[in-house]
Amino acid sequence: MLRERNKQKNASEFSEAFLFYLRNSYHILNYEWIFCNFMKILKLIPMKNFLTAILIWFFHFNCAAQWVELNSNFNNNYFHDVYAVTPNDVLVVGSNGLIIKSIDGGMTWQQKVSGTSQTLIKIQFPTQQTGYIIGDQNRLLKTTDSGENWLPIIVEDINTIYSLSCINENFIFLSTDKGLVKSENGGVTWTNPNAIPISFSNNVSMQFVNKEVGFVGNNLTNLGETNVVKTTDGGISWESLNTRAPFHFINENIGFYYYYGLYKTSNGGGQFDMSLEFGRPNLRDIFAVSENTVWGLIDDRALNGDTSTQGIIKISTTESGEYTKEVWFDNSFDIDMNSIHFANENCGYIVGKKYGQSKIWKNANGSNTTLDSKEIESQNDIKIFPNPTSDKLNIAIKSQFSKESTIIISDMSGKLVHNQNYTGAKKVVINVQNFAKGTYLLTIKNKGQSYSQKVIIK
Numbered sequence: 013m014l015r016e017r018n019k020q021k022n023a024s025e026f027s028e029a030f031l032f033y034l035r036n037s038y039h040i041l042n043y044e045w046i047f048c049n050f051m052k053i054l055k056l057i058p059m060k061n062f063l064t065a066i067l068i069w070f071f072h073f074n075c076a077a078q079w080v081e082l083n084s085n086f087n088n089n090y091f092h093d094v095y096a097v098t099p100n101d102v103l104v105v106g107s108n109g110l111i112i113k114s115i116d117g118g119m120t121w122q123q124k125v126s127g128t129s130q131t132l133i134k135i136q137f138p139t140q141q142t143g144y145i146i147g148d149q150n151r152l153l154k155t156t157d158s159g160e161n162w163l164p165i166i167v168e169d170i171n172t173i174y175s176l177s178c179i180n181e182n183f184i185f186l187s188t189d190k191g192l193v194k195s196e197n198g199g200v201t202w203t204n205p206n207a208i209p210i211s212f213s214n215n216v217s218m219q220f221v222n223k224e225v226g227f228v229g230n231n232l233t234n235l236g237e238t239n240v241v242k243t244t245d246g247g248i249s250w251e252s253l254n255t256r257a258p259f260h261f262i263n264e265n266i267g268f269y270y271y272y273g274l275y276k277t278s279n280g281g282g283q284f285d286m287s288l289e290f291g292r293p294n295l296r297d298i299f300a301v302s303e304n305t306v307w308g309l310i311d312d313r314a315l316n317g318d319t320s321t322q323g324i325i326k327i328s329t330t331e332s333g334e335y336t337k338e339v340w341f342d343n344s345f346d347i348d349m350n351s352i353h354f355a356n357e358n359c360g361y362i363v364g365k366k367y368g369q370s371k372i373w374k375n376a377n378g379s380n381t382t383l384d385s386k387e388i389e390s391q392n393d394i395k396i397f398p399n400p401t402s403d404k405l406n407i408a409i410k411s412q413f414s415k416e417s418t419i420i421i422s423d424m425s426g427k428l429v430h431n432q433n434y435t436g437a438k439k440v441v442i443n444v445q446n447f448a449k450g451t452y453l454l455t456i457k458n459k460g461q462s463y464s465q466k467v468i469i470k
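Residues are numbered in our numbering as their position in the sequence shown, beginning at 1, plus a constant of 12.
Encoded structure:
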C-alpha cells in the first residue's frame, strides 16, 4: 500500500510539472501562432496519454525551443556582439555607442555610458573586472570595474580596428588597417610585431589562445576559399593553414571551423578532418564550448540571396564519440542572429534582430533539441493551477505517463533547484515554497531528449 502511494505521489508531481510548462511556454519566433495551431492539431488527432500530446507541441517548437527571447527595452538599436562573463553577468554592444549590462541573467538590463555615438562591434572580457570594446573607425574602450564605467584608449596611427583578442587584462591584440598591433600593458603602448600575409576587412576573425599562438583569417564570401594564417611567436612570423573563417580554438591544439560540415583539428591546424557533414555552407559565428560541444549561427546568404542568419546548430559528441547535430532553421528573412557566446556548458546568449528590432536570446540548459513526433497517439483533458505561484505547482490529467521522465528546475544562472524522476503519473505537485522569487527554467527529459519552459515564482 505504501509503495503504491509513493508511485501515485511521484506520478502526480510529474503531470503537474508537464501541464505547468505547457501553459507557460513561449517560442523564439511566434508563441501565439504555434499555440493556436497546437490546439487545432489536438482536436484532430486522438490520443491515449498526455505525454504524446505534448510531443506535438515540442515538434512545432522544433530545435529553437530552448532559446528564450529576452526583453532588453533597447529595441531601436542594432546589437552586434554579446559576452557572458558569467551566466548572470552579460554585456551587449551595438549601434549608436550602445552598451547594456545585466547582472541577473538577462531579466533586467541597464545602459552604460560609452562616451561615443560610434557603432560598437565587438566585446571581450579576459577577466571578470577588465574588458575591452572596439567600434567603428579606431574606437577602443576599456573597463576595470566589470563594465560599469568605460574609458577610451588611444591607438596612434590607426584609422580602423577590425577585431580584437585578449589574452589577459594587459595583453591585447588588434587587427587594424595598419596590420596587427599588440599591447602588453593594457593599452598604454602598442607595437606592430610584423607584417601579416593577409589583408584585413570588416569580416576578420582573430583568436590568440596565448601570447605566442594565434590565428587570423577573413570570413570570405567566396565559398571554398581558404585565407587563414597562424603564428607561434606572437605575430613575428606566419604560416598559411588549409582552413577558413570563422573558426574557434579551445586551446593551441584543438580547434574547429565549418564549411558544409564541422572540421576539427587536434594538432593546431596542421590537419583538419571533417567530424560531421551538413548541407548548409556557412556559419556567421561559431563557438566551441568544449571539445565535445560546438554551437554556430547558420549563414544562408549564399542560398537565399539575403544577408540574414536564420538558424542555430549545435554539434556534440555521443557516448561513442561520434558528432551529431541538432538544428533549428527558419525561412523568414526577418530573423538575423549576429553573435553567440556561452558562459559555460549550459548557459549561452545570442544577439541580433527580429522583425526590425534588436533581440537577445538566452539558453540556460545547453539544449537545442526537440522531442520525437512519432510518439503522438491520443488526447486528454488538461488542467493547471495556479500560475504564477508561490506555494505549489499543480497539474492534473486524465491518463498517466507510462515512461520514466525527469523534471529539472534551474534558476537563470543554471543552478539546479529541483531534479526528480517520475513514472506513471496522473497528478503532480511540486512544492515551491522554498524557491526564491523570480524566473526559472523547467526542463522535462524523456527518452534521452529534453525541452525547457519558463516558470514564474512570485
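Beta carbons: idealized from backbone N, C-alpha and C, even for Gly.
Nothing here was measured: the structure is a model prediction, and the numbers come from that model.
Inspect the beta-carbon positions of G247 and L192 and report whether they are closer than 8 angstroms. Residue numbering aside, residue 247 sits at position 235 when the sequence shown is read from its first letter. Residue numbering aside, residue 192 sits at position 180 when the sequence shown is read from its first letter. Yes, these two residues count as a Cβ contact at 8 angstroms.
Please go through the same chain and pick out, in chain order, the residues whose beta-carbon is closer than 6 angstroms to the beta-carbon of C48, but skip the five residues on each side of it. Locating residue 48 in the sequence shown gives position 36, counting from the first residue. Residue placement at C48 is flagged as unreliable, the pLDDT there being 42, under the threshold of 50; a coordinate-derived value is accordingly withheld.
Give the DSSP bridge partners of K471, in chain order. This structure gives no information on residue 471, because the portion of the chain shown stretches from 13 to 470.
Which residue wins for smallest C-alpha separation from T451, given the options N433, T155, T401? In the sequence shown, residue 451 corresponds to position 439, counting from 1. Residue T401 is the option with its Cα nearest to T451.
Look up G273 in the DSSP assignment and give the residues it is bridged to. In the sequence shown, counting from the first residue as 1, residue 273 sits at position 261. Under DSSP, G273 takes part in a beta bridge, and its partners are E289.
Cβ shell of D245 (< 8 angstroms), same chain only, five flanking positions each side left out: On the sequence shown, residue 245 is found 233 positions in, with the first residue counted as 1. Close CB contacts of D245 within its chain, under the 8 angstroms cut and outside five residues either way in sequence, are with E224 (chain order).
According to the neighbour-count rule (16 or more other Cβ atoms, all chains shown, within 10 Å of its Cβ), is A479 buried or exposed? Because the chain spans 13 through 470 in this model, residue 479 falls outside it and cannot be assessed.
Closer than 8 angstroms by C-beta to K52: which residues in its own chain qualify, once you throw out the five before and the five after it? Chain order, please. As a first step, residue 52 is located in the sequence shown; it is residue number 40 there, counting from the start. Summary for K52: the model assigns pLDDT 44, below 50, so the residue's position carries little reliability, and this model does not support an answer.
Given a cut-off of 8 angstroms on the beta-carbon distance, is the pair E264 and V301 in contact? As a position in the sequence shown, residue 264 is number 252, starting the count at 1. As a position in the sequence shown, residue 301 is number 289, starting the count at 1. No, the pair does not count as a contact, with Cβ atoms beyond the cut-off.
For F447, which residues does DSSP report across the bridge? Against the sequence shown, residue 447 aligns to sequence position 435. BP columns for F447 are empty, so no partner.
Pairs of beta-carbons, one from the segment 348-367 and one from the segment 87-99, closer than 8 angstroms: are there three or more? With contact defined as three or more Cβ pairs closer than 8 angstroms, the segment 348-367 and the segment 87-99 are in contact.
Endpoints, beta strand (DSSP E) assigned at Y90: Numbered from its first residue, the sequence shown carries residue 90 at position 78. Counting along the chain, no beta strand (DSSP E) covers Y90, and no H or E run does either.
Is S351 closer than 8 angstroms to N89 when the C-beta atoms are compared? Here residue 89 refers to the residue found at position 77 of the sequence shown. Here residue 351 refers to the residue found at position 339 of the sequence shown. No, these two residues do not count as a Cβ contact at 8 angstroms.
Can I135 and Q122 be called in contact, C-beta distance under 8 angstroms? Here the question's residue 135 lines up with position 123 in the sequence shown. Here the question's residue 122 lines up with position 110 in the sequence shown. Contact flag unset, no.
Can you tell me whether DSSP reads N350 as helix, strand or coil? Position 338 of the sequence shown, counted from the start, is the residue given in the question as residue 350. Three-state result, N350: strand.
Taking the DSSP output, what are the residues bridged to N375? Position 363 of the sequence shown, counted from the start, is the residue given in the question as residue 375. Looking at the DSSP output, N375 shares a beta bridge with G360.
What residues match up with N294 in a beta bridge as DSSP calls it? Position 282 of the sequence shown holds residue 294. Paired residues: D311.
CA nearest to the CA of G291, picked from G323, Q130, D403, G333: The count along the sequence shown starts at 1 and reaches residue 291 at position 279. Across the set G323, Q130, D403, G333, the C-alpha of G323 shows the shortest separation from the C-alpha of G291.
Where does N108 fall in DSSP's three states? As a working mapping, residue 108 is identified with position 96 in the sequence shown. If DSSP states are grouped into helix, strand and coil, N108 belongs with the helices.
Could you give the DSSP three-state label for Q136: helix, strand or coil? Taking the sequence shown and counting its residues from 1, one reaches residue 136 at position 124. The answer is strand: DSSP assigns Q136 an E or B state.
From what residue to what residue does the beta strand (DSSP E) around E81 run? Walking along the sequence shown from the start, residue 81 turns up at place 69. In this chain, the beta strand (DSSP E) harbouring E81 covers 80-82.
Measuring alpha carbon to alpha carbon, tell me which of E181, I298, T418 ends up nearest G360. As a working mapping, residue 360 is identified with position 348 in the sequence shown. Between G360 and the set E181, I298, T418, the nearest pair of CA atoms involves I298.
If I measure Cβ to Cβ from I372 and keep anything under 6 angstroms in the same chain, skipping five residues before and after, which residues do I get? If you number the sequence shown from 1, residue 372 lands on position 360. Taken in chain order, the residues that qualify are L82, S84, V363.
DSSP state of D189, grouped into three classes? Translated into positions along the sequence shown, residue 189 becomes position 177. The three-state secondary structure of D189, taken from DSSP, is coil.
CA nearest to the CA of N239, picked from R256, G226, F227, S249: Taking the sequence shown and counting its residues from 1, one reaches residue 239 at position 227. When only C-alpha atoms are compared, the closest one is R256.
Compute the Euclidean distance between the alpha carbons of Y174 and D189, then round it to the nearest angstrom. Along the sequence shown, read from residue 1 onward, the residue named residue 174 stands at position 162. Along the sequence shown, read from residue 1 onward, the residue named residue 189 stands at position 177. So the two alpha carbons sit approximately 8 angstroms from each other.
Backbone CA spacing between S422 and W307 [nearest angstrom]: Working through the sequence shown from its first residue, we reach residue 422 at position 410. Working through the sequence shown from its first residue, we reach residue 307 at position 295. Answer to the nearest angstrom: the Cα atoms are 22 angstroms apart.
With 16 as the cutoff for other CB atoms within 10 Å, does H398 come out buried or exposed? Counting from one through the sequence shown, the residue named residue 398 turns up at place 386. Inspection of the sequence shows that residue 398 is occupied by Pro rather than by His. Per the 10 Å Cβ criterion, exposed.
May I have the straight-line CA-CA distance separating F284 from L274, to the nearest angstrom? Locating residue 284 in the sequence shown gives position 272, where the first residue counts as 1. Locating residue 274 in the sequence shown gives position 262, where the first residue counts as 1. Here the C-alpha atom of F284 lies approximately 9 angstroms from the C-alpha atom of L274.
Mind reading off the beta-carbon distance from V167 to L153? Whole number of angstroms is fine, and I expect it under 8 angstroms. As a first step, residue 167 is located in the sequence shown; it is residue number 155 there, counting from the start. As a first step, residue 153 is located in the sequence shown; it is residue number 141 there, counting from the start. Between the beta-carbon of V167 and that of L153 there is about 12 angstroms, and that puts the pair past the 8 angstroms contact cut.
Opening and closing residue of the beta strand (DSSP E) in which F261 lies: The sequence position of residue 261 within the sequence shown is 249, counting from 1. It spans 259-261 - the beta strand (DSSP E) in which F261 sits, taken as one unbroken run.
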